[in-house]
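Each remark here refers to the structure printed beneath this line.
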Amino acid sequence: MGVNIKDILIREKTKLESFSSKIIAIDAYNAIYQFLATIRGPEGLHLTDSKGRVTSHLTGLLYRNINFLSMGIKPIYVFDGKPPSLKTAEIERRKLGKKEA
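One rule links them: number in the numbering used here = place in the sequence shown (from 1) + 2.
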């Protein structure tokens, strides 16, 4: 969400293969947003089904899961509730930005 958490996390580069035979938790809302923002058709529009419903997020989830499972990684998608207080200032800043746009 744009919150700087460097002070509380130790960041270490790791190869994806090192998670083989492990279960990993994934922020579902973040993953879905990422796919909706990046996966587009040749015309630059979201992918859709025959009824016009957006499916970009489903395509992204499918291929990401195939990639994880082929490496022996078991993804668990977490749909969390209310954002932690650490994110409050950033959420408010973004709300103001949307109102001004």
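Built from N, CA and C at the ideal position, the CB exists for glycine as well.
Predicted model, so just to flag it, every value in this text is computed and none were measured.
Cβ atoms of residue j and residue i: under 8 Å apart, would you say?
i   : j   : result
T50 : T57 : yes
F70 : Y31 : no
I78 : A33 : no
K76 : I10 : no
Going by beta carbon distance, what residues of the same chain come within less than 6 Å of residue i, once the five residues before and after it are set aside?
i   : result
F37 : S58, H59, G62
S23 : G74
N6  : none
F21 : I75
S52 : none
Give me, in chain order, the residues of the same chain whose beta-carbon lies closer than 8 Å to that of residue i; leave out the 5 immediate sequence neighbours on both sides.
i   : result
H48 : L38, I41, R42, V56, T57, S58
In chain order, what residues of the same chain have a beta carbon less than 7 Å from the beta carbon of residue i, not counting five sequence neighbours either side?
i   : result
L18 : M73
| At least three beta-carbon pairs within less than 8 Å, the segment 62-73 to the segment 86-98 | With a cut-off of 8 Å, the segment 86-98 and the segment 62-73 do not count as touching, because too few Cβ pairs lie within range.
| message | What ranges does the beta strand (DSSP E) occupy inside the segment 23-50, keeping only unbroken runs of at least 3 residues that lie completely in it? | response | 25-29
| Any beta strand (DSSP E) of 3 or more consecutive residues that is wholly inside the segment 55-83 | 76-80
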